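Per my numbering, residue 426 is the first one in the sequence shown, and the count goes up by one each step.
Worksheet: the structure to be examined is printed underneath.
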Amino acid sequence: MAAKRAKPSAAAGEDRLSSLPDEVLVLILLRLRNAAAAGRTSVLLPKLRFPAAPSPHTIASALAAHEAEVVLRHLLVEVEDAAPGSVAAWLPAAARRLSGTLVFTNRAPGGNRVGGAEEEEASQGGAFELPYFERATSVSLDLGFLGLAVPPAGVFTRLTELSLQRVRFHGSYELGDAISSPRFPCLQKLSVSHARVLENMAIHSESLLKVEQRYLDTLKELTIVAPALRRLQVCCCFAHRRLVANISTPQLLYLSWMEPYDPSSVNLGNLGQLQRLGTDFYFVYGKQDSRTNRSFLLLLERFPGIRSLQTRLVYRPVY
Numbered sequence: 426m427a428a429k430r431a432k433p434s435a436a437a438g439e440d441r442l443s444s445l446p447d448e449v450l451v452l453i454l455l456r457l458r459n460a461a462a463a464g465r466t467s468v469l470l471p472k473l474r475f476p477a478a479p480s481p482h483t484i485a486s487a488l489a490a491h492e493a494e495v496v497l498r499h500l501l502v503e504v505e506d507a508a509p510g511s512v513a514a515w516l517p518a519a520a521r522r523l524s525g526t527l528v529f530t531n532r533a534p535g536g537n538r539v540g541g542a543e544e545e546e547a548s549q550g551g552a553f554e555l556p557y558f559e560r561a562t563s564v565s566l567d568l569g570f571l572g573l574a575v576p577p578a579g580v581f582t583r584l585t586e587l588s589l590q591r592v593r594f595h596g597s598y599e600l601g602d603a604i605s606s607p608r609f610p611c612l613q614k615l616s617v618s619h620a621r622v623l624e625n626m627a628i629h630s631e632s633l634l635k636v637e638q639r640y641l642d643t644l645k646e647l648t649i650v651a652p653a654l655r656r657l658q659v660c661c662c663f664a665h666r667r668l669v670a671n672i673s674t675p676q677l678l679y680l681s682w683m684e685p686y687d688p689s690s691v692n693l694g695n696l697g698q699l700q701r702l703g704t705d706f707y708f709v710y711g712k713q714d715s716r717t718n719r720s721f722l723l724l725l726e727r728f729p730g731i732r733s734l735q736t737r738l739v740y741r742p743v744y
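Encoded structure:
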């Protein structure tokens, strides 16, 4: 008895692949024989996730399977204890195809701890160069203290958000120099945290609206000239050394300054538009003449007309 032939489904053209688990999508891409076949699976491309600590070959092969004109709108990669060479094996291919968001996390041992054996080992492992992202709009790199070199050329035409975490900077070309040049014409949000070998940060930008600088233990001097900036956060960068800072942000509305404040070395410029101020803690009892308390009071004197103050009051027991 001959089997009945199934009738064509009305939903034959429906996308049923996007709902598959990410691991299955990657395996499908790796088994395609040529670029033409990969191009016919463009439904897979708007969003690719590599959450299960894939090998560099797996990521590079999946990206190389696609024709250059196929758009990749979102790429999420999470790896464990990666080496610079393994990241360099696939990141340039991602940069060429990406027209959206990249989130990369290297889950290295030790977390954000400073000066541990894991960080020392990472510092001796070399570095890779940040590739040129021509069409990406948002790039977030948590490198687990891998070395990163800032390229001296290439325009990041569409990039509006850049986040760099747990980065060890290499090379003579400074991050601030790159951001200050016409190479980042649309950058609006910049976040740099837990970075090493970053002694000077000098930013001149017409487009930046928000800047976050946190836990930059080697930073010695900070310069920000950003006429459109609205929000600035500087936290735990100069706790153990004299701060030298020059800030020119006349449109700033929110300032979070979790640092010692000394008017002789910190120039905050004209902040007549400032509405909200965040400061470090204040000792209510005891330590009245501490550097922390002096900085707190000097900041309040500097901005007597602010509408909102965010701080922490420390009540120590008095015996």
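Yeah, the Cβ is synthetic: ideal placement off N, Cα and C, and Gly gets one too.
Here the structure is a predicted model, which is why all the values come from computation and not from measurement.
- Taking a 10 Å sphere around the C-beta of Gly-694, we find fewer than 16 other C-beta atoms and assign the residue as exposed.
- Looking at Glu-599, Asn-671, Ser-632, Ala-533, the one whose alpha-carbon comes closest to that of Glu-503 is Ala-533.
- Fully contained in the segment 499-585 are the following beta strand (DSSP E) runs of length 3 or more, in chain order: 523-532, 552-554, 563-574.
- Where Ile-672 is concerned, the enclosing beta strand (DSSP E) starts and stops at 669-673.
- A direct Cα-Cα distance of roughly 18 Å separates Ser-511 from Val-575.
- Take Val-622, set aside five residues on each side of it, and the residues of its chain with a beta-carbon closer than 8 Å to its own are Arg-593, Phe-594, His-595, Thr-643, in chain order.
- Counting along the chain, Ser-733 sits inside the beta strand (DSSP E) bounded by residues 733-735.
- Restricting attention to Leu-668, Glu-631, Glu-559, Ala-561, the CA atom closest to the CA of Glu-646 is found in Leu-668.
- In the structure shown, Leu-600 adopts helical secondary structure according to DSSP, grouped into three states.
- Between Thr-585 and Thr-526 the beta-carbon gap is near 10 Å, outside 8 Å, which marks them as no contact.
- Distance between Phe-529 and Ala-520, taken at the CA atoms: about 12 Å.
- Arg-727 carries a helical assignment under DSSP once its states are collapsed to helix, strand and coil.
- Runs of the alpha helix (DSSP H) lying entirely within the segment 674-727 and spanning at least 4 residues, in chain order: 716-727.
- Look at Ser-605 here: in three-state DSSP terms it is helix.
- The DSSP-derived three-state label of Val-650 is strand.
- For Gln-613, the secondary structure class from DSSP, reduced to helix, strand or coil, is coil.
- Setting aside the 5 residues that flank it on each side, Gly-579 is surrounded in the same chain by Tyr-557, each with a C-beta closer than 6 Å to its C-beta; the list follows chain order.
- Sequence-distant partners of Leu-641 (beyond 5 residues in either direction) whose C-beta falls short of 7 Å from its own C-beta, in its chain, are Val-617, Ala-620, Leu-623, Cys-662.
- Glu-505 is classed as exposed because its beta carbon has fewer than 16 other beta carbons within 10 Å across all chains shown.
- Cβ contact annotation for Ser-605 (same chain, cutoff 8 Å, sequence separation greater than five): Ala-627, Ile-628, His-629, Ser-630, in chain order.
- According to the DSSP secondary-structure assignment, Val-622 is paired through a beta bridge with no residue.
- In this structure, the CA atom of Leu-724 is about 14 Å from the CA atom of Arg-732.
- Residue pairing by DSSP places Leu-657 opposite Val-636, Leu-680 in a beta bridge.
- Going by C-alpha positions, Arg-583 is about 12 Å away from Pro-607.
- According to DSSP, residue pairing for Phe-594 in a beta bridge involves Leu-573.
- Exclusion of the five residues before and after Gln-613 leaves Thr-585, Glu-586, Ser-632, Leu-633, Leu-634, Lys-635 as the residues of its chain whose Cβ lies within less than 8 Å of its Cβ.
- Of the other Cβ atoms in all chains shown, 16 or more fall within 10 Å of the Cβ of Asn-531; this residue is therefore buried.
- When the beta-carbon positions are compared, Gly-601 and Gly-572 stay at least 8 Å from each other.
- At a Cβ-Cβ threshold of 8 Å, Tyr-710 and Asn-718 do not count as neighbours.
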